[in-house]
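Residue numbers (the working numbering), protein chains in the order written: chain D, 3 to 420; chain C, 790 to 1031; chain X, 2 to 407. Ideal Cβ placement from N, Cα and C applies to all residues, glycine included. I have placed the structure first, in the form of structure tokens, so that the comments after it can refer back to it.
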Amino acid sequence: MHAPASYSMLGGYTVRSWAVLLAFGALAGAAGLAAMYMESNGHWVTGMTQRVPWGLPHVFAFFLIVAASGALNVASIGSVFQKEDYQPLGRLSVLLAFALLAGGLFILVTDLGRADRLLLTIQYTNATSIFAWNVFIYQIFFALTVIYLWVMMTPGLSRFYRPAATAAFIWRLGMTTGTGSVLGFLVARAAFRSAIMPVEFVALSLSIGTALFALTMLAFERFEGRPLTSPALLNRFRRLIGILVAVSLYMVAVQHLTALYLAERRDVEHFILFSGSIYSVLLWAGFVLMGSVVPMLLLFIPIGNGRAWPLAVAAALVGLGGLALMYTTVIGGEAFPLELFPGRLVSSSAFDGVVAPYSPSFVEAVLGVGGFGIAGVVVCMGAWVLPVLPGHVGAGADQVDPERQPHPPLNNPKPIIG
Amino acid sequence: MSSTSRRGILAAAAGIFASFTLAPGITLRAFAEQALAVPGARTVRWGILIDTTRCTPECDACVTACDTEFNLTSNGRPRTDPQWIRKLTITDQASGHVTSLPVMCQHCSEAPCVDVCPTGASFQRPDGIVLVDKHICIGCRYCIMACPYGARNFVSELVDNQRPWGPRGKGTAEACTMCVHRVDAGRTPACVEACAASGNKAMLFGDLNDPDSEIAKRVATFPSAQIRADLRTNPAVRYEGI
Amino acid sequence: MDDFDLATPGPSAAPAVPPLTDISIAFALLTYFAFAVLVLGLVIQTWRLLREIRRTPADPGSGSILGRLFRAGADVVLLRSVFFSDRWAWIFGAMFHFGLLLVLIRHLRYFIRPGWVGPLWDVIVLEQPFGFYGGMALPFGAACWWLRQTVLRKSRIVTDWADHAVMALLVAIPLVGYASTISHTDVVAVKAFAIGLVTFHWINIPTDPLLLTHLWLVAVLMVVLPFSRLLLLLPFGNLLHIESAPIASDAKRRSRLVYAFGPALILVLLAPLAIVGHHGIVHQDRPDFASLIADHRTDDPTMMIRNHPAFLFSHRTIVTHTGVGAPIDSMERCVTCHAVKNAAGQPVGFDDPSHFCRGCHNTAAVTIDCFECHQSKPAPGAQAALDSLPRSAIGTALKAERVAEQ
């Protein structure tokens, strides 16, 4: 067992750190205003319709929730799978998981038609609804991440480290399964009702979550002006994300190939894959090309000479590709007409038989991006007040004093009482 | 304090907490079901039978009647306007045959909308009518995603012209109620009444579980089908001629 | 009461003002006295602390004036230095203080008329549910802090009976307040009393035992707080870079002050209880709604003000889920009888401030969402049918209708 790495908080309250916090805060604030606008006028001001009731906000929300469970991946590798090189990054990973889930749930809650009735989900629960189960699963995930981080930060609680890490790991698999099941359990839509949805979401969480973690870690490195990882660990990250991206691509390919084979799903698959609509463009150019093939090339081919930029670019592309896949999956699945009479031409005054038109509105985009704002605020404030950044990773490196600040020390007088 | 008494206290506390938070939904729902359970009585199942051979593409008396009954006015935005019942025109591409029929909430006995609602606001009454309890609907639109028939709507705008017998409000889900206010008063749904008045007489309303009712006798005699019967949702609305 | 006007909004519109009861005078005087002691005490303590700042040289390593101000502000608002020194103290302290902030904002509804602050009133209305649920952090944080002070030896030896008394008050006051909410105190009458205090037009206090206990405990806290050591906690110490030692010895002197004044204060504060005991306290039993459905007119509007939600909700779920119920059980009937007409003789909807329900609900800052879905105006025919009956006959007619339906 190596000597334990030391941790630090973000160095001081500089103008730059305030600027970043305020930028994220502005995104979150704008989303709040957008939510109030939607709530007071009604959802007609958005692009969401009777046929496409879930729109761009839900795309962002699904993305953030799936990414949240995946962001915990790095901490799990360090603890559950006992790869010690990853252990110093564990605290940041848990903080990011908490932040991303908070961002995703913020979007879902503010988009509700009657958000003031949120507490009813606890008083009145329907056991057959995966949504109702998810409400409790998400709350317990929050609690588990807090406990996990607490255990990591308190030396006296080290005997709870493995149990807390294992609990969080298992719970996040359940959480992603629950999120995928929201779509997978839908009998109504040919694009959704599939047992592979929960599994595909677990695979996606691994690739998207680890990619977002890598981006966050590199961003902190840039900001602090010091490396948080060794070059060897950076290379291992590249390979890891490359493999996870390949797994996600495989899952999506299997989903579509098997659906294409079934005659009853051929129409919807042709729509998603080959119709030339925005959904097929986003799937092929967005997820497959930009979000999977290009990142894999960047990650597996040894370019960049051990620098960080191939990882950063690849991670960003994976994230964008994941967002594109969510858009295609959720909205493409909704836009395809309901098949009341399969094989027959149907028309009505309510958009039966035609691809439902959907164009996202500005307020939806503001609300969706605001989820990232919330996540950013949580990560920044967490890094400000909690020692989550690794001091220096790697054998033989000079140890940084715990909680050392490059700025004048804070005043910590002894409390009078207690 | 011994561990057993500590456990007992924790269990009692959990029980009190649970009854405080969960009780309203569980106990009241159970009481409501008991209220209609008369011992030895046959369960009613309200249903509608639609003869599509009598339904013409030009007639939309049922739609107009429903819109009038509940004041479902258009706001000039067809994508978000409410439509509780709609006329479908179906063309069989192989044969060229054209069918016209109205589709509304099918009041399924295995309703997907009831399964997915997180608060249980989407529920089925003991007599088969599927409704939305707007007191606890949070407006998540999961039921709208889940309905295979596209029957559920979301109220996207402020409503102040609702009928006293048909509450509807912004931010909640809604659908055809099989005119439950009429049915409970012993009358028939507005669409069925309008269809009869228009002369086509394509719609028949009644108790599917009553062997002496006209609808039960007709369903037993002539072939009828449910839309997407393969999904096994078991709707209460049946169609002849599809 | 044959011509009882169903559309009257409540006791604030009652024509005759009853004479002031002794207990109302007692509580009015008690509130003014306690508030004055609190304000004066806080001013004096702040002045004395500022005087000590001038006497103590500043810590040389404390940074720029902007940095010191920022840290001071963060200490007061976020209890920042406590966060870095004692995590559990921060958790319980922050819970307590933020809960207190939410509760205080929620209580503003009692002391402000909607017209006095314009758009800020809507903020107070919006804040109400946050104050109710978030306010649960107040007794929880206070109770956990108190428990920790008692359990940890290092804290127990520096905590004396005066500190325990204040912490007991901090736990008891919100608990009694929540009990008061659960037992449905007539908030419209409470607000009328509070506004009476603010505008110096006193009216009677509702003799609700939980309310009286709550107000009395708050008065005691207001009197005791300026003399308590708990006011001189860490934030001020850090703001002023003062070591804890001078404050601790000063606190001993303050404790002796409380010992001296304590009995006298308690005698004064016990006086209202004596009056209450003498005159007795009025209890309200929950009425039997089944018998009241057709005719719930009453000489005591307080009964309906306190119980109308239970009255409405007792039928809501049954009617929605089973359809079982007479027409009287529908919202339509409530709205029809309680319709208020505008100048043109037309019934007004919920958007109009003179709507029956808005009369009390606007004043009490309680939002209702019934009329988001329910029609707030009677159907044209229904109103006309009722108009033809004299008011006194309506109850009898509705009762007869219900009997006929059974």
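Closer than 7 angstroms to chain D by CB, C:Y1028:
no
Can a CB atom of chain D be found closer than 7 angstroms to the CB of C:P846?
no
At the level of alpha carbons, what is the spacing between D:G180 and X:G360?
46 angstroms
Under the DSSP definition of a beta bridge, which residues are partnered with C:W835?
C:D996
Since D:F203 meets chain C, which of its residues come closer than 8 angstroms, beta carbon to beta carbon?
None at all; the shortest Cβ gap to chain C is about 16 angstroms.
Backbone secondary structure at X:D87 - three-state DSSP:
coil
D:Y15 - DSSP class collapsed to helix/strand/coil:
Looking at D:Y15 - three-state DSSP - the assignment turns out to be coil, as it is neither helix nor strand.
Looking at chain X, is there any beta carbon in it that lies within less than 7 angstroms of the beta carbon of C:D870?
No, because no Cβ of chain X sits closer than 7 angstroms to the Cβ of C:D870.
In chain C, what lies closer than 7 angstroms to D:S196 by C-beta?
Ordered by position in chain C, no residue passes the 7 angstroms Cβ test against D:S196, which lies about 15 angstroms from the chain.
Output needed for X:V177: all residues of its chain with C-beta closer than 7 angstroms, excluding positions within five of it in sequence on either side, in chain order.
Answer for X:V177: L211, T214, H215, L218, listed in chain order.
For C:I927, would you say it is in contact with chain D, using Cβ-to-Cβ distances shorter than 7 angstroms as the test?
yes
Three-state class that DSSP yields for D:A193 in the structure shown
coil
Show which residues of chain X have a CB atom less than 7 angstroms away from the CB atom of C:R952.
Q376
Find the residues of chain D that neighbour C:S945, judging by a C-beta separation of less than 7 angstroms, and give them in chain order.
G44, H45, W46
Exposed unless 16 or more other CB atoms sit within 10 angstroms - verdict on D:I305
Of the residues assessed, D:I305 falls on the exposed side of the cut-off, its CB having fewer than 16 other CB atoms within 10 angstroms.
What does DSSP give as the partner residue(s) for C:K876 in the beta ladder?
In the DSSP output, where bridge partners are listed per residue, C:K876 has C:P891.
Proximal chain X residues relative to D:V387, where beta-carbon distance stays under 7 angstroms
F84
Let me check understanding here. Comparing Cα to Cα, which of D:S277, D:L319, D:A265 lies closest to D:F289?
D:L319
Show which residues of chain D have a CB atom less than 7 angstroms away from the CB atom of C:P1024.
Residues of chain D passing the Cβ test: none, with the nearest at roughly 11 angstroms.
Nearest to D:E336 by alpha carbon, out of D:G373, D:L102, D:G34, D:H60?
Per the Cα distances, D:H60.
Does C:F912 come out as helix, strand or coil in the three-state DSSP assignment?
strand
Would C:L799 count as contacting chain D if we go by Cβ distances under 7 angstroms?
Because the pLDDT of C:L799 is 49, which lies under 50, any placement of that residue in the model is unreliable, and the question is left without a value.
X:T186 versus chain C: which residues are under 7 angstroms apart at the beta carbon?
The premise fails here: X:T186 is roughly 20 angstroms from chain C at the closest Cβ pair, so nothing lies under 7 angstroms.
Which word fits X:W117, buried or exposed, when buried means at least 16 other C-beta atoms lie within 10 angstroms of its C-beta?
exposed
Check whether the Cβ atoms of C:A940 and C:A964 sit closer than 7 angstroms, and answer yes or no.
yes
In the DSSP output, what is D:Y9 paired with across the bridge?
D:P392
Please name the residue, chosen from X:L102, X:Q150, X:A143, that lies closest to X:E128 on a Cα-to-Cα basis.
X:L102
Comparing alpha-carbon positions, which option in D:G227, D:I280, D:V256, D:Y88 lies nearest D:S196?
Checked all of D:G227, D:I280, D:V256, D:Y88; the closest Cα to D:S196 is D:V256.
Per DSSP, what are the beta-bridge partners of C:D973 in this structure?
Per DSSP, none; premise fails for C:D973.
Is the separation between the beta-carbon of C:G955 and that of X:E373 shorter than 7 angstroms?
Result no, Cβ atoms of C:G955 and X:E373 do not sit closer than 7 angstroms.
Which residue or residues does DSSP assign as beta-bridge partners of C:E963?
C:N942
Apart from the five residues just before and just after X:T186, which ones in its own chain have a Cβ nearer than 8 angstroms to its Cβ?
P207, D209, L211, L212, R307
With H, G and I counted as helix, E and B as strand and the rest as coil, what does DSSP make of D:S350?
strand
From X:A169 to X:W147, what distance separates their C-alpha atoms?
A direct Cα-Cα distance of roughly 8 angstroms separates X:A169 from X:W147.
Find the residues of chain C that neighbour X:A311, judging by a C-beta separation of less than 7 angstroms, and give them in chain order.
Under the 7 angstroms cutoff, chain C gives no residues; its nearest Cβ is about 12 angstroms from X:A311.
If we count the other Cβ atoms within 10 Å of its Cβ and call it buried at 16 or more, is X:W89 buried or exposed?
exposed
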